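Let me begin by presenting the structure, written as structure tokens, before commenting on it.
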Amino acid sequence: MTDVIRPAPRSRIGEIDALRGFAVCGMTVVNVWQNTLAHGRTTSIDWAMTNLAQSRFYPIFACLFGVGFALFLRSAKARTARPWLVALARLVVLALFGALHGAVNAGDVLLPYALIGLLVLLPAGFLAPPVVILVGTGIVAVSLTVGDPWPLIAGLFALGAGATAAVLKETAPEKTAPQEAAQEAPQRASGPATGAGYGRAARRTGYVIFPLAASLTVVLTLRWNASQTGGLYLAAALSGAVAYATGFLLLTRAIPAVGEIFRTLGRMALTCYLTGTAVILATLPLLTADESGFTVVAVSVLTIAAQIVLTRWWLARYRYGPLEWVWRRLTWWEPLPNRQNGNRDTRSPVPDPDLP
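So the sequence shown is residues 8 to 363, counted in our numbering.
Okay, here's the thing in structure tokens:
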């Protein structure tokens, strides 16, 4: 890319990485189970998967996709005079990943996510954050009415992007022109204000939202089991996702080591998602031969455990995951060194890719 400005990098928001990693783990378990069902095999864990796991994790991931896009766009605006072109390239490259993945896995979500991003996230970047939040809320409401998950994903994209843009705007320091140059480097080196903004919001609301969302999920799930209507199913899935997300964040605040376990998975979410498909395809004969559900659980747990170990090993040596590096390299279309250089975020057991 041309017209590239190189500001001092910002450190990542660890809680977002950890929550993304948690969502990827949940999606892995569901994908393993769903591939078993797709080949006509029922298991003894079907009820638990349907009511406790299925559709509970992709809303988290969808919302974080919007969050990530807003953060990426903010970074792109600081680096280049043509941030929208770079954002477009990022979604196009993701669509190419999805097309290749869809050739071997009919359940691919990368291509639909990229297309929805083109339709929702790019236009949203030109709107005021309150407008984006309002539009996203409306789309989510429509999805719950019609019982269609794709509008739900589009609405969560918008909500994640709009809320993040609002936090970025609210926490951005007000500086005069003479102060700006002097303050820019230390502010960026110390990390974005967004981390503090998300932290304050979580502390204020987490203990209230979690029990309310968990209770609502139980009620909606019971009602869905009685009526089997699509709107109730999506409402239960959405409230379940909120309960899981807030519960996970509260747990990571109480036990920071839990967040560190999932943080590297979140930083290599694309690599984990696609390698998870490879594991499913390799173990499919075992999955379809077992009606007990034990193989589904075993494959899921072993896959996640191996990914935790391998992502920590990889990120201790490289700045980006292998597929994340390709994605970033094709997005910016410029040389991108991937070897670690010894610098690290002191809050993390592995180096931070956005530190110099």
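Note that beta-carbon positions come from the ideal geometry of N, C-alpha and C, so glycine has one too.
As the structure is a computational prediction, the values presented were derived from the model and not from experiment.
Next on the checklist: Residues in the same chain with beta-carbon distance under 6 Å from Ala77, minus the five sequence neighbours each way, listed in chain order, please.
Outcome noted: Residue numbering aside, residue 77 sits at position 70 when the sequence shown is read from its first letter. These residues qualify, in order along the chain: Ala168, Thr171, Ala172.
Checklist entry - Looking at the C-beta of Ala233, does it have a partner C-beta in chain C at a distance below 9 Å? => result Reference to chain C is not applicable here, since this structure consists of a single protein chain.
Next on the checklist: Suppose the cutoff is 6 Å on Cβ atoms and the five residues either side in sequence are ignored; what does the same chain contact list for Ser51 look like?
Outcome noted: On the sequence shown, position 44 is the one that residue 51 refers to. Cβ neighbours of Ser51 beyond the five flanking positions: Ser299, Gly300.
Checklist entry - Per DSSP, Tyr377 is paired with what? => result The chain is shown only over 8 to 363; residue 377 falls outside these bounds and no answer can be derived.
Checklist entry - By Cβ distance, which residues of its chain are closer than 7 Å to Gly145, with the 5 residues on each side in sequence left out? => result Here residue 145 refers to the residue found at position 138 of the sequence shown. For Gly145, where only same-chain residues beyond five positions count, there are no Cβ hits under 7 Å.
Item to check | For Leu309, three-class secondary structure by DSSP | outcome: For the purposes of this step, residue 309 is identified with residue 302 of the sequence shown, where counting begins at 1. Three-state result, Leu309: helix.
Item to check | Run of the alpha helix (DSSP H) containing Asn112, from where it starts to where it stops | outcome: One-based indexing of the sequence shown puts residue 112 at position 105. No alpha helix (DSSP H) contains Asn112, which DSSP labels as neither H nor E.
Next on the checklist: Would Leu98 and Leu141 be called neighbours here (beta carbons separated by less than 9 Å)?
Outcome noted: Working through the sequence shown from its first residue, we reach residue 98 at position 91. Working through the sequence shown from its first residue, we reach residue 141 at position 134. Taking 9 Å as the Cβ cut-off, Leu98 and Leu141 do not qualify as a contacting pair.
Checklist entry - Nearest to Val139 by CA position, among Trp332, Phe68, Leu151, Leu166, is which residue? => result For the purposes of this step, residue 139 is taken as the residue at position 132 of the sequence shown. Checked all of Trp332, Phe68, Leu151, Leu166; the closest Cα to Val139 is Leu166.
Checklist entry - Contact between the region 33-53 and the region 228-244: three or more CB pairs below 8 Å? => result The region 33-53 and the region 228-244 do not touch, with fewer than 3 CB-CB distances between them shorter than 8 Å.
Next on the checklist: Across the region 284-296 and the region 246-266, are there enough close Cβ pairs to call them in contact, namely three or more that are closer than 8 Å?
Outcome noted: no
Checklist entry - With C-beta atoms as the reference, is Ala250 less than 9 Å away from Phe217? => result If you number the sequence shown from 1, residue 250 lands on position 243. If you number the sequence shown from 1, residue 217 lands on position 210. A contact, by the Cβ cut-off of 9 Å.
Item to check | Exposure label - Trp334; buried when at least 16 CB within 10 Å | outcome: Numbered from 1 along the sequence shown, position 327 holds the residue referred to as residue 334. Under this definition Trp334 is a buried residue.
Item to check | Counted within 10 angstroms of its Cβ, other Cβ atoms place Trp157 as buried (16 or more) or exposed | outcome: Residue numbering aside, residue 157 sits at position 150 when the sequence shown is read from its first letter. Exposed: under 16 other Cβ atoms inside 10 Å.
Item to check | Where Thr212 falls: helix, strand or coil (DSSP) | outcome: Taking the first residue of the sequence shown as position 1, residue 212 is located at position 205. Thr212 falls in the helix class under three-state DSSP.
Next on the checklist: Measuring CB atoms only, is the region 66-75 touching the region 323-339, in the sense that at least three cross pairs come out at less than 8 Å?
Outcome noted: no
Checklist entry - What does a CB cutoff of less than 7 Å around Arg1 pick up in its chain, not counting 5 residues either side in sequence? => result Because the chain is modelled from 8 through 363, residue 1 falls outside the range shown and cannot be assessed.
Next on the checklist: Please tell me whether, using a cut-off of 8 Å, the distance from the CB of Ala233 to the nearest non-hydrogen atom of the ligand MN is below it.
Outcome noted: Absent from the structure shown: the ligand MN. Ligands present: none.
Checklist entry - With a cut-off of 8 Å, do at least 3 Cβ pairs link the region 20-33 to the region 261-274? => result The way I'd put it, the region 20-33 does touch the region 261-274; three or more beta-carbon pairs between them come closer than 8 Å.
Item to check | Rounded separation between Ile311 and Gly283 - CA only | outcome: Position 304 of the sequence shown, counted from the first residue, corresponds to residue 311. Position 276 of the sequence shown, counted from the first residue, corresponds to residue 283. When rounded, the distance between both Cα atoms is 9 Å.
Checklist entry - What is the rounded straight-line gap between the Cα of Gly237 and the Cα of Pro344? => result One-based indexing of the sequence shown puts residue 237 at position 230. One-based indexing of the sequence shown puts residue 344 at position 337. Straight-line Cα distance between these residues: approximately 47 Å.
Item to check | Close-in-space but distant-in-sequence residues of the same chain around Val37 (CB under 6 Å, 5 per side omitted) | outcome: Sequence index remark: in the sequence shown, residue 37 carries index 30 (1-based). Closer than 6 Å at the Cβ level, and outside the excluded window around Val37, lie Ala60, Gln61.
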